[in-house]
Amino acid sequence: MKSIFYLTTAIDYTNAPPHIGHAYEKVLADTLARARRLAGGDVFFLTGVDQHGQKVQQSAATAGIPPQEFANAVTEQFLALWRQLGISYDGWAATTDAVHSRCVRTILTRLFDEGKIYKARHGGHYSVRQEQFLTDKDRSEDGTFGPEWGEVVYLEEENYYFRLAEHRDWLLGLLERRSDFVRPAFRQTELRNALLRSSGDLCISRPKERLSWGIELPFDSGFVTYVWFDALINYLSFAGYGADARFDSVWPADRHVIGKDILVPAHGIYWPIMLHALGFSDDQIPGLLVHGYINLGGDKVSKSLGNVVDPSVLADKYGAEVLRYYLMRETVTGKDMEFSEERLIARANADLSNGLGNLLNRSLNMASRYRQGRLIRPAESPLQPAAEEALRVCFERYAEYEPHAALEAAGNLVVRCNTYVEETAPWKLAKDPAQAEKLDEVLYSLAECLRILAILHAPVLPESSSKMLAQLGIADSLSSLSFAWGGLPDGHTVSAPVPLFPRIEVPA
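Sequential numbering of the sequence shown, starting at 722, is according to the working numbering.
Set out below in structure tokens:
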């Protein structure tokens, strides 16, 4: 069975281009997918864009162009950023695709025929920003609807409803049976509490006189599908549900990687209940990996607040892989992170320039100066236990969705190697012919640790890791490398070093 990382991209088209929060989410999913591939897993990593909905229609009207043209233009900005950041997705989902539309209509028809969708008249307060009806439970303590809902209007209209409430007890039971359904654990508690407060069914349509930009209901041409009921189905449609034999080989998904703002109600309540209503078993319901916000000055990075951090500009300025490293090293998955350009520079200089880059340069320089780049493999090495421990811990942490801890383990090995250089002083050993065997041990041990460090950093720094291997004289791809100590053969020759991580100088 494949391990699948599905990544939802809930894009607010009124606030294009993408910001640092979008970049963090994609790099997180990409890092986890790359780590799983390196460890031998067969990964199908799907990502994409939600292109329907009222906000898209309004923004397109403001711009004076058709909704599809507007959606395509914004989508290209995201695609360009994913190329710049080296995002290695296997499938791309755009909800205006005909494949997706057919799947949504097939699912709607089935649920309607089974009596799980009904028509009713309802009056209530409606959040234009969130595109959903609100209840009294959504009010603040003073009785008003908070700013998170944006513009709230009162609507009374006829719509179609999905029988959500009748599955509430089942979902509560699922959360009891699967303690890791949501990671980290405190987000599962948050979901359970929200579920206990929830009531009522889900409105899954919008009248065409109010919203025309969406997938038409197959059983009533006067309505289009509510954007969240439409968008969530992309996880099924682009995996081949109902039309592609591939589906059985890539489902169930291992995790959906999402932001905390779309855990409740969309992914935590709507989505598992939709799957349950379609007949999926409990063990076929994908788990959720929920990340926090990237904040600036204590507030969530948001175009509506005007505190946007453009990841493309940062990648151009410091390098895409420096940005990837900063986002993965500084952020604890599930928690918010305070963005700081000063901290990015400090982390890059300390870990990459002074740490990993310095180790690579000095090790290869010494191998070239003292042995013309040729390595003699020793019977044993004092660095072997540290390297093996780093490999074990690092990939355990990747598997537990904790890239920051994986990189910390890799960094500990870098520190150990640099300390080992100071302890052994190869420049002194080189002056004493009696210490030739010890010098060979040191030079080989450092080069072999660098080979392993290239593996450890590859999920976050794929391009730099490949360049490290080239400097180590290794032509093999990352995916074919052995995790076992001793991968460099006796007599192997390394190349001359080329600085990978130049120090970032800050103007005085």
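Ideal placement from N, C-alpha and C gives every residue a C-beta, glycine not left out.
Proximity below 9 Å, CB of residue i to CB of residue j
i        : j        : result
Arg-1092 : Pro-1210 : no
Gly-1094 : Ser-1216 : yes
Leu-938  : Tyr-881  : yes
Val-1181 : Arg-1068 : no
Val-748  : Arg-757  : no
Leu-753  : Asp-811  : no
Trp-1206 : Glu-1162 : no
Ala-1130 : Ala-1151 : no
Gln-1005 : Cys-924  : no
Val-1011 : Gly-980  : yes
Arg-1064 : Tyr-1047 : yes
Phe-940  : Val-825  : no
Ala-1100 : Val-1114 : no
Pro-905  : Gly-1055 : yes
His-843  : Glu-887  : no
Ala-1041 : Leu-806  : yes
Leu-1073 : Val-1043 : yes
Burial state of residue i (16 or more Cβ within 10 Å)
i        : result
Asp-975  : buried
Phe-907  : exposed
Thr-679  : Outside the displayed range of the chain (722 to 1229) lies residue 679, so it cannot be described from this structure.
Pro-1154 : exposed
Ile-732  : Unreliable placement is indicated for Ile-732, whose pLDDT of 40 sits below 50; no coordinate value is reported for it.
Ser-942  : exposed
Ala-998  : buried
Asp-1123 : The residue asked about is misnamed: residue 1123 is Glu in this sequence, not Asp. Buried: at least 16 other Cβ atoms inside 10 Å.
Gly-935  : buried
Ala-987  : buried
Ala-1146 : exposed
Val-985  : buried
Asp-969  : exposed
Pro-1228 : exposed
Glu-862  : exposed
Thr-817  : buried
Leu-728  : Confidence in Leu-728 is poor, its pLDDT being 48 and thus under 50, which makes the residue's placement unreliable; the coordinate value appears in the next sentence. It is buried - the Cβ of Leu-728 has at least 16 other Cβ atoms within 10 Å.
Thr-730  : Residue confidence is low: Thr-730 scores 44 on pLDDT, short of 50, so the model does not pin down where it sits. Its coordinate-derived value is still stated next. Thr-730 should be labelled buried.
Ser-1002 : exposed
Ser-1186 : buried
Val-777  : buried
Arg-1118 : buried
Pro-788  : buried
Gln-798  : exposed
Assumed close pair residue i, residue j - CB separation to whole angstroms, cut-off 8 Å
i        : j        : result
Leu-932  : Arg-913  : With a Cβ gap of about 32 Å, Leu-932 and Arg-913 do not count as contacting.
Ile-994  : Leu-885  : 6 Å
Arg-755  : Pro-1183 : 6 Å
His-740  : Asp-982  : No, His-740 and Asp-982 are not in contact; Cβ-Cβ is about 13 Å, not under 8 Å.
Gln-772  : Ala-792  : 4 Å
Leu-1164 : Met-1087 : 6 Å
Ile-838  : Phe-883  : 5 Å
Leu-1193 : Leu-1221 : So it is not a contact: roughly 12 Å between Cβ atoms.
Leu-1081 : Pro-1218 : 6 Å
Thr-796  : Val-770  : 5 Å
Thr-946  : Leu-829  : 7 Å
Leu-1096 : Tyr-1141 : With a Cβ gap of about 16 Å, Leu-1096 and Tyr-1141 do not count as contacting.
Gly-963  : Thr-827  : 6 Å
Ile-1225 : Tyr-1039 : 6 Å
Ile-990  : Leu-893  : Incorrect: roughly 11 Å between the Cβ atoms, too far for contact.
Gly-1000 : Gly-1076 : Between Gly-1076 and Gly-1000 the Cβ distance is about 52 Å, and since that is not below 8 Å, they are no contact.
Ala-1179 : Leu-759  : 6 Å
Arg-927  : Phe-944  : 6 Å
Leu-1134 : Ala-1157 : Contact flag wrong, Cβ pair sits at about 26 Å.
Val-978  : Ala-750  : 4 Å
Distance cut-off 8 Å: residue i Cβ against heavy atoms of the ligand NAD
i       : result
His-888 : Annotation note on the ligand NAD: not contained in the displayed structure, which lists no ligands.
In chain order, each beta strand (DSSP E) run of at least 3 residues that lies wholly inside the region 860-921 | Listed in chain order, the beta strand (DSSP E) runs fully inside the region 860-921 are 873-883, counting runs of at least 3 residues.
Quick check: the region 1198-1206 against the region 1170-1184, are there 3 or more CB pairs under 8 Å?
-> Segment contact: the region 1198-1206 against the region 1170-1184, three or more CB-CB distances shorter than 8 Å; contact assigned.
With contact counted as at least three CB pairs below 8 Å, one residue from each stretch, are the region 954-964 and the region 900-908 in contact?
-> Remark: fewer than three beta-carbon pairs, one from each stretch, lie closer than 8 Å, so the region 954-964 and the region 900-908 are not flagged as touching.
Check whether the region 737-748 touches the region 1031-1043, taking contact to mean three or more Cβ pairs, one atom from each stretch, closer than 8 Å.
-> With the cut-off at 8 Å, the region 737-748 and the region 1031-1043 touch.
If you scan the region 771-852 from start to end, which runs of the alpha helix (DSSP H) of 4 or more residues do you find wholly inside it?
-> With a minimum length of 4 residues, the continuous alpha helix (DSSP H) runs that stay inside the region 771-852 are 775-784, 788-806, 819-834.
At least 3 beta-carbon pairs within less than 8 Å: the region 846-854 vs the region 867-877 = Enough Cβ pairs lie closer than 8 Å, so yes.
4-residue-minimum alpha helix (DSSP H) runs that sit fully inside the region 1086-1145, ordered along the chain = Within the region 1086-1145, the complete alpha helix (DSSP H) segments of 4 residues or longer fall at 1105-1120, 1124-1145, listed in chain order.
Whole runs of the alpha helix (DSSP H) within the region 959-996, excluding any shorter than 4 residues | The region 959-996 contains these whole alpha helix (DSSP H) runs: 968-971.
Which full runs of the alpha helix (DSSP H) of 4+ residues lie inside the region 1134-1208, going along the chain?
-> Fully enclosed alpha helix (DSSP H) runs of 4 or longer: 1147-1150, 1157-1178, 1183-1192.
Continuous alpha helix (DSSP H) assignments of at least 4 residues falling wholly in the region 1008-1066 = Taking 4 residues as the minimum length, the alpha helix (DSSP H) runs contained wholly in the region 1008-1066 are 1032-1039, 1041-1051, in order along the chain.
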